[in-house]
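K.L.:
The structure's right below; bear with me while I get my questions together.
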Amino acid sequence: MGKRILVLGGGVGGVVAAKRLAERLRGRVDAEITLISDTDYYLLPPLLVNIALGDLDPARAQLPLSMLSKRGVKVVKASVTKVDPDNRVVETNQGKFNYDYLIASLGTEFDFKSYNLGVGYHNYTLDGALKLREALRNFKGGSVVVFTPEPIYRCGVYPFEIISQLDTIFRKRGIRDKVELTLIHPFERPIQPLGPEAVKITEETFARKGIRYIGNARPLEVDDKNKVVVITADKVKYDLLIVVPPARLPKPFDGTPLAADLPNGRWTVVDVYTGRSIKYDDVYLPGEHSMPSIGLPTAGVPVHFTALASAGAVAGELLGEPIDPAQINAMACAMDYGDFGLMFNCDIKLNLKDNKALWMGNCYSILTSPLGKLIKDLFYKTWLQTTM
Amino acid sequence: MAVQQQVEKSPDEKLAETLNMLTQNIDEIRGLLDQLIELKRSGVLDSLMIIVNRFDELIQYLFQDPAVFRLLSILVDGSLQAMNKLDTQDVLKLKGMVQDLGGCVGKNAGLISEAKPVKGLLGLLRALGDDDVQRGLGVAIQLLKVLGKCTQSK
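Chains A and B, in that order, are what the protein sequence lines are.
So for the first sequence, the numbering used here puts the first residue at 1; every next one is plus one.
So for the second sequence, the numbering used here puts the first residue at 389; every next one is plus one.
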C-alpha cells in the first residue's frame, strides 16, 4: 500500500505543498496525495483588498482546487474538526482520514468576538470583502476608522495599506475633504517591525495624506451604540469602521500536543527550517498558525516558503534523496499606498539554536514609486496564476 | 438603494451568446490565431511557457539569496530617490558626465592594469609632472569638495 499524504487547507500553504509533492513524487513513489479544504476554490487572500476596493472581480482572485487533479492530487471538500497526531487521524465533517504524513496549513481563526469587532466591516473573507465594497460605494463622507487591536493578525502591512488607499480613492471621488481617516494600531510608530526606512516613508505618507495615526493603542472595545472605538486614552468616533481581527489558533489544533502556550499566544510549534512539528516526525505545519512560534509574520510569503520546505522534507524522505528544505533567507513584501507602491525586502537569518527566523528591522525598500503599484499587482496575480 | 436582481442564464443562452460573439469578431479571431500560430512556430510561446511554469522556482531562488534584492535596493531604489532630487539641467549634466567619463574610462581600461606603484615622495613628484595626473588630481579635489558639501548639508 502506498504512503498516504494528507494535506489540510486549500490556501497558500496547502496548495503550494500539494503541488510541490506531486511534482516531486508522481511516477517515482507509490504515494497518494489528498488535499482537504472547506472550499472548492483557492483564493489568494492579498487580492481580497482589491475586491473590497472595487478593483477586481472576485472570480479573478481564485482558482478551482480541481486544477490540482491534473497533477494527481485528490481534492476532498470537507471541514477539518480535529487533528489527532497520536493516532494519525484527521476528523472532518465528511468522516475520518488516516495518514502516513500530514501537512496542515489551516490559516488562522479570525477573532471578531473580542473587542466587539463583529460590528465592523472587514475584508478577511470573500463575503466580508464584498460587504466592505458595498459600504465603501455607499459612503458619502464622515469618519473612517481602521481598528487593529492586537499586533498578530493576517498580513502585517494591511492596515497601513488600506488607510493610504482609502485616501487615494476618496480623492478620486472628490469627497476627501468630507472624510477623516484614522488608523488605531498597537505599534508605537506605523509599520515599526519593518524598520526605520519603512516607518519614515509611512509617517511622511500619512502626514502628506492627512491620515491620523493613533499608535501604542490599548484597546477596550467597539461601542457600536455610540459608534466609537474605546481605547484607554481616548474615544474615537466612526461612521465607517473597518476592523482587523486578531489571529487565533485554528480550532482543530485546540487541545492537541501540536500547540503550545507561547509569550505571543497559543500556536502550533514547528522547526524553523522545515515546518515539521517539534513533537511528531510525521506532521508538518506550514501554516500561519505556526509562524508566530518561529518569529515569522502571519502572511502568505513565509507560509509559501515554509510549505515548500515541508514538501521538500517529505519528498526527500520518501525518495531517499537529500532534503532540500528551501526555507528562505529573504522575504519580499509588496505594498500599495494608493498613489504609489512599495517593494520591501527583509533579510532573514535562521537561528537554528533558538528555532527562530530573525527579520525585524532588517528590511529595506527595493522600490518606492508609482511603478511599485503595478509590480505589486503583477506579483500577486502571477503568484495566483502559477500556484497550481 | 436599488436592488439588482441577477438572472442566471441557461446553457443554451450562454452558447448562443458565445457563438454570436465569435461571429461578430471572426476577423479579429482569425488574426489572433495567425499571431498565435506564428508565436508557436517561432518558439516565443514555448519560452514564455517556461517562464510561466517556472515562476515559483524563480521566486524561490530570489528569496533564498537576498543579493538581488540588496542590489535593487541600492541601485534601483537608491538611484530613483536621488533622481527625484534633480532638475532637468542636473540630469543633462550628469548624463553628459556619465557618457564622457564612462566612454573614456572604458576606452582606456587597459591602462589601469598597466599601473605601476608610485614609490616615495620623489615618485609622487615625478607622477605630478604628468598633465593627465594634474587634471585628475584637480577633479579629485573638486570631488572631495562636493562630498564634503553634501555630507554637511545632510
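Every residue gets a Cβ at the ideal spot worked out from N, C-alpha and C, and that includes glycine.
Under 7 Å: does the beta carbon of Lys-235 of chain A sit that close to some heavy atom of the ligand FMN?
P.N.:
Questions concerning the ligand FMN fall outside what the structure shown contains, since it holds no ligand whatsoever.
K.L.:
Which residue's Cα is closest to the Cα of Ala-78 of chain A: A:Arg-154, A:Leu-35, A:Lys-200, A:Tyr-280?
P.N.:
Residue 78 of chain A sits at position 78 when you count from the first residue of the first sequence. When only C-alpha atoms are compared, the closest one is A:Leu-35.
K.L.:
Name the chain A residues whose beta carbon is nearer than 9 Å to that of Ile-453 of chain B?
P.N.:
Residue mapping note: residue 453 of chain B aligns to position 65 of the second sequence, counting from 1. A small correction: the amino acid at residue 453 of chain B is Asp; Ile does not occupy that position in the sequence shown. The contacting residues are Asn-329, Ala-330.
K.L.:
Does the segment 2 to 21 of chain A come close enough to the segment 100 to 108 of chain A to have 3 or more Cβ pairs within less than 8 Å?
P.N.:
Because the criterion of three Cβ pairs below 8 Å is met, the segment 2 to 21 of chain A and the segment 100 to 108 of chain A touch.
K.L.:
Inspect the beta-carbon positions of Val-146 of chain A and Ile-169 of chain A and report whether they are closer than 8 Å.
P.N.:
Taking the first residue of the first sequence as 1, we reach residue 146 of chain A at position 146. Taking the first residue of the first sequence as 1, we reach residue 169 of chain A at position 169. No, they are not a contact pair.
K.L.:
State the Cα-Cα distance for the pair Ile-233 of chain A and Leu-136 of chain A, rounded to the nearest angstrom.
P.N.:
Position 233 of the first sequence holds residue 233 of chain A. Position 136 of the first sequence holds residue 136 of chain A. One point to set straight first is that residue 233 of chain A is Ala, not Ile, in the sequence displayed. Going from the Cα of Ala-233 of chain A to the Cα of Leu-136 of chain A covers about 28 Å.
K.L.:
Taking DSSP's pairing of strands, which residues face Pro-64 of chain A in a bridge?
P.N.:
Along the first sequence, one-based indexing puts residue 64 of chain A at 64. Partner(s): A:Tyr-41.
K.L.:
Work out the CA separation of Arg-28 of chain A and Glu-396 of chain B for me, nearest whole Å.
P.N.:
The residue you call residue 396 of chain B lines up with position 8 of the second sequence. The residue you call residue 28 of chain A lines up with position 28 of the first sequence. Distance between the alpha carbons of Glu-396 of chain B and Arg-28 of chain A: 45 Å.
K.L.:
Which of helix, strand or coil does DSSP assign to Met-389 of chain B?
P.N.:
Locating residue 389 of chain B in the second sequence gives position 1, counting from the first residue. With a pLDDT of 43 at Met-389 of chain B, under the threshold of 50, the modelled position of that residue is not reliable, and the figure given next carries that caveat. Reduced to three states, the DSSP call for Met-389 of chain B is coil.
K.L.:
Name the chain A residues whose beta carbon is nearer than 9 Å to that of Asp-444 of chain B?
P.N.:
As a first step, residue 444 of chain B must be located in the second sequence, where it is residue number 56. Neighbours of Asp-444 of chain B on chain A, chain order: Val-16, Lys-19, Arg-20, His-304, Leu-308, Trp-383, Thr-386, Thr-387.
K.L.:
Determine the chain B residues that contact Tyr-124 of chain A at a beta-carbon separation under 9 Å, and present them in chain order.
P.N.:
Against the first sequence, residue 124 of chain A aligns to sequence position 124. Residues of chain B passing the Cβ test: none, with the nearest at roughly 24 Å.
K.L.:
Looking at the secondary structure, which residues open and close the beta strand (DSSP E) in which Gly-341 of chain A lies?
P.N.:
Your numbering for residue 341 of chain A matches position 341 in the first sequence. 341 to 347 is the extent of the beta strand (DSSP E) around Gly-341 of chain A.
K.L.:
Quick check on Pro-399 of chain B: buried or exposed, where buried means 16 or more other Cβ atoms within 10 Å of its Cβ?
P.N.:
Counting from one through the second sequence, the residue named residue 399 of chain B turns up at place 11. With fewer than 16 Cβ atoms within 10 Å of its Cβ, Pro-399 of chain B is classed as exposed.
K.L.:
Nearest CA to the CA of Gly-120 of chain A: which residue from A:Pro-58, A:Pro-149, A:Asn-329?
P.N.:
As a first step, residue 120 of chain A must be located in the first sequence, where it is residue number 120. Cα-wise, what sits closest to Gly-120 of chain A is A:Pro-149.
K.L.:
Taking all protein chains shown into account, do 16 or more other C-beta atoms lie within 10 angstroms of the C-beta of Cys-363 of chain A, making it buried, or fewer, making it exposed?
P.N.:
Within the first sequence, residue 363 of chain A is the residue found at index 363, counting from 1. Counting Cβ neighbours within 10 Å, Cys-363 of chain A comes out buried, since at least 16 surround it.
K.L.:
Can you tell which of A:Leu-194, A:Gly-312, A:Asp-40 has the C-alpha that lies nearest to the C-alpha of Arg-24 of chain A?
P.N.:
The sequence position of residue 24 of chain A within the first sequence is 24, counting from 1. Cα-wise, what sits closest to Arg-24 of chain A is A:Gly-312.
K.L.:
Consider the Cβ of Thr-368 of chain A: report whether some Cβ of chain B lies at a distance smaller than 8 Å.
P.N.:
Taking the first residue of the first sequence as 1, we reach residue 368 of chain A at position 368. Closer than 8 Å: yes.
K.L.:
Taking the continuous alpha helix (DSSP H) assigned at Ile-323 of chain A, which residues delimit it?
P.N.:
Numbered from 1 along the first sequence, position 323 holds the residue referred to as residue 323 of chain A. Here Ile-323 of chain A belongs to no alpha helix (DSSP H), and DSSP marks it neither H nor E.
K.L.:
Taking the alpha helix (DSSP H) that Lys-227 of chain A falls in, what are its first and last residues?
P.N.:
Along the first sequence, one-based indexing puts residue 227 of chain A at 227. No alpha helix (DSSP H) contains Lys-227 of chain A, which DSSP labels as neither H nor E.
K.L.:
Within 8 Å of any Cβ in chain A, is that where the Cβ of Val-440 of chain B sits?
P.N.:
Counting from one through the second sequence, the residue named residue 440 of chain B turns up at place 52. Chain A, which has a Cβ nearer than 8 Å to the Cβ of Val-440 of chain B, makes this yes.
K.L.:
Using a C-beta to C-beta distance shorter than 7 Å, which residues of chain A count as neighbours of Leu-468 of chain B?
P.N.:
Within the second sequence, numbered from 1, the residue matching residue 468 of chain B stands at position 80. Correct list: Ser-369.
K.L.:
Would you mind working out which of A:Pro-257, A:Lys-381, A:Pro-263 sits nearest Ser-277 of chain A, comparing C-alpha positions?
P.N.:
By 1-based counting over the first sequence, the position of residue 277 of chain A is 277. The shortest Cα separation from Ser-277 of chain A among A:Pro-257, A:Lys-381, A:Pro-263 belongs to A:Pro-257.
K.L.:
Which residue or residues does DSSP assign as beta-bridge partners of Val-16 of chain A?
P.N.:
Counting from 1 along the first sequence, the entry for residue 16 of chain A is found at position 16. According to DSSP, Val-16 of chain A bridges with nothing at all.
K.L.:
Among the residues of its own chain, which have a CB less than 6 Å from the CB of Lys-373 of chain A, if the five just before and after it don't count?
P.N.:
Here residue 373 of chain A refers to the residue found at position 373 when the first sequence is read from its first residue. The answer, listed in chain order, is Asp-336, Gly-341.
K.L.:
Against Ser-461 of chain B, what residues of chain A qualify as contacts under a CB-to-CB distance less than 8 Å, listed in chain order?
P.N.:
Counted from its first residue, the second sequence places residue 461 of chain B at position 73. Those within 8 Å of Ser-461 of chain B in chain A are Asn-345, Tyr-364, Ser-365, Ile-366.
K.L.:
Am I right that Ala-357 of chain A and Leu-296 of chain A are in contact with their C-beta atoms under 8 Å? What's the rounded C-beta distance?
P.N.:
As a first step, residue 357 of chain A must be located in the first sequence, where it is residue number 357. As a first step, residue 296 of chain A must be located in the first sequence, where it is residue number 296. Going by Cβ atoms, the distance from Ala-357 of chain A to Leu-296 of chain A rounds to 5 Å, so yes, they are a contact pair.
K.L.:
Against chain A, with Cβ distances strictly below 8 Å, would Val-464 of chain B count as a contact?
P.N.:
Position 76 of the second sequence, counted from the first residue, corresponds to residue 464 of chain B. By this cut-off, Val-464 of chain B is an interface position.
K.L.:
Identify, in the order they occur along the chain, each residue of the same chain with its Cβ nearer than 7 Å to the Cβ of Ser-293 of chain A, setting aside the five sequence neighbours on each side.
P.N.:
Position 293 of the first sequence, counted from the start, is the residue given in the question as residue 293 of chain A. Same-chain partners within the cutoff: Leu-262, Trp-267, Thr-268, Val-269, Val-270.
K.L.:
Where Ile-438 of chain B and Arg-429 of chain B are concerned, what is the direct C-alpha to C-alpha distance, given to the nearest angstrom?
P.N.:
As a working note, residue 438 of chain B is residue 50 in the second sequence. As a working note, residue 429 of chain B is residue 41 in the second sequence. The alpha-carbon atoms of Ile-438 of chain B and Arg-429 of chain B are separated by roughly 15 Å.
K.L.:
With DSSP as the reference, label Arg-248 of chain A as helix, strand or coil.
P.N.:
For the purposes of this step, residue 248 of chain A is taken as the residue at position 248 of the first sequence. Looking at Arg-248 of chain A - three-state DSSP - the assignment turns out to be strand.
K.L.:
Can you tell me where the beta strand (DSSP E) holding Cys-363 of chain A begins and where it ends?
P.N.:
In the first sequence, the residue the question calls residue 363 of chain A occupies position 363. Cys-363 of chain A -> beta strand (DSSP E) spans 363 to 369.
K.L.:
Between the alpha carbons of Ile-175 of chain A and Lys-140 of chain A, how many angstroms are there, rounded?
P.N.:
For the purposes of this step, residue 175 of chain A is taken as the residue at position 175 of the first sequence. For the purposes of this step, residue 140 of chain A is taken as the residue at position 140 of the first sequence. Cα to Cα, Ile-175 of chain A sits roughly 7 Å from Lys-140 of chain A.
K.L.:
Measure the Cβ-Cβ separation of Tyr-213 of chain A and Leu-183 of chain A and say whether it is below 8 Å.
P.N.:
As a first step, residue 213 of chain A is located in the first sequence; it is residue number 213 there, counting from the start. As a first step, residue 183 of chain A is located in the first sequence; it is residue number 183 there, counting from the start. Going by C-beta atoms, Tyr-213 of chain A is nearer than 8 Å to Leu-183 of chain A.
K.L.:
Could you give the distance in angstroms between the alpha-carbon of Val-479 of chain B and the alpha-carbon of Met-471 of chain B?
P.N.:
Numbered from its first residue, the second sequence carries residue 479 of chain B at position 91. Numbered from its first residue, the second sequence carries residue 471 of chain B at position 83. Using only the alpha carbons, I get a separation of about 8 Å.
K.L.:
Give, in chain order, every unbroken run of the beta strand (DSSP E) that is at least 3 residues long and sits entirely within the segment 120 to 189 of chain A.
P.N.:
Complete beta strand (DSSP E) runs here, min 3: 142 to 147, 179 to 184.
K.L.:
Of all the CB atoms in chain A, is at least one closer than 8 Å to the CB of Gln-392 of chain B?
P.N.:
The residue given as residue 392 of chain B occupies position 4 in the second sequence. Residue confidence is low: Gln-392 of chain B scores 47 on pLDDT, short of 50, so the model does not pin down where it sits. Its coordinate-derived value is still stated next. No, no contact with chain A.
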